[in-house]
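According to this note's numbering, the sequence shown holds residues 1096 to 1291 in order.
All residues carry an ideal CB built from backbone N, CA and C; glycine is no exception.
Here's the structure we're looking at; comments come further down.
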Amino acid sequence: MAGQAGSAYPQHFHAPWNDGMKPDTVLLYNKTMGGVDNVDKAIKPNQSLRKSYKWYKKVAFYLVELSVYNSMIMYNTTQNDQVGFRRLNYEAFVKSIIHNILTKFPVARKPRGRPSQSRVSVPLANMHIPERVMKENGYPSKSDCFHCKTKLGKRTITQFKCLACEKRLCIGSSVFNCFKFYHDEMVSREHAVYLC
Ligand SMILES: [Zn+2]
Ligand SMILES: [Zn+2]
């Protein structure tokens, strides 16, 4: 445990009249061993252990929890000079770790009913959705529509691109919408490949 020392020493040195005879490490242990209680107090309500677990699983989970607790202490100690720093307790710290992991590695949900291509969880960056391109100065960045230029031989200025294809595509009315045309063609191309 962070900040603890001598925890491997037996507890039969507890008698206060006996302090003068104890090694320094034991005195330090006795002085700081309250930390062990603090850890248990913090971890217990949020414990991942279950009665049915084998003892070695309990040990493994406890070691993970201890590591998380130590990380929390290090986080609270090293970050407290940052602007807007908020000290986290064990539960809040664990939740923030879970939140960060799930944000970075989203869990693909199993689709109910018949499997459908469109219901599979896909990272946002891989989805064909229009995105307005902005310049560093905050104004929209305008460029030629890829579909207009290559398929229709004309220039149409657009602020949008497809997030997945990274292609500039204009978004017009329902009868003239390169974003739709381009992706319709892409889908039919992919189907053609599957049919081959
Ligand atoms: Zn696309
Ligand atoms: Zn276009």
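A straight-line Cα-Cα distance of about 13 Å links E1280 and L1264. I1193 counts as exposed, since fewer than 16 other beta carbons sit within 10 angstroms of its beta carbon. Cβ-Cβ distances below 6 Å link H1278 to H1223 in the same chain, with the five nearest sequence neighbours on each side left out; the list follows chain order. T1253 is bridged by DSSP to S1238. DSSP places E1226 in the uninterrupted beta strand (DSSP E) bounded by P1225 to R1227. Counting only residues whose CB is nearer than 5 Å to a non-hydrogen atom of ligand 1, the list in chain order is H1223, C1257, A1259 and C1260.
A distance criterion of 6 Å places the beta-carbon of H1242 in contact range of ligand 2, judged by its closest non-hydrogen atom. Listed in chain order, the non-local C-beta contacts of K1256 below 7 Å within the same chain comprise E1226, V1228, K1262, R1263 and L1264, local neighbours out to five positions each way being set aside. Closest by C-alpha distance to F1200, out of P1118, K1136, L1219 and V1189, is L1219. The DSSP-derived three-state label of R1263 is strand. For Y1164 against Y1185, the beta-carbon gap comes to about 6 Å, under 8 Å, which counts as contact.
Rounded to whole angstroms, the separation of the alpha carbons of A1155 and K1149 is 10 Å.
By a beta-carbon distance limit of 8 Å, I1252 does not contact K1230. Their separation comes to about 14 Å. N1221 and S1268 have their C-alpha atoms some 25 Å from each other.
Burial check for M1167: the Cβ neighbour count within 10 Å reaches 16 or more, so the residue is buried. For Y1170 and V1282, the gap between their C-alpha atoms comes out near 48 Å.
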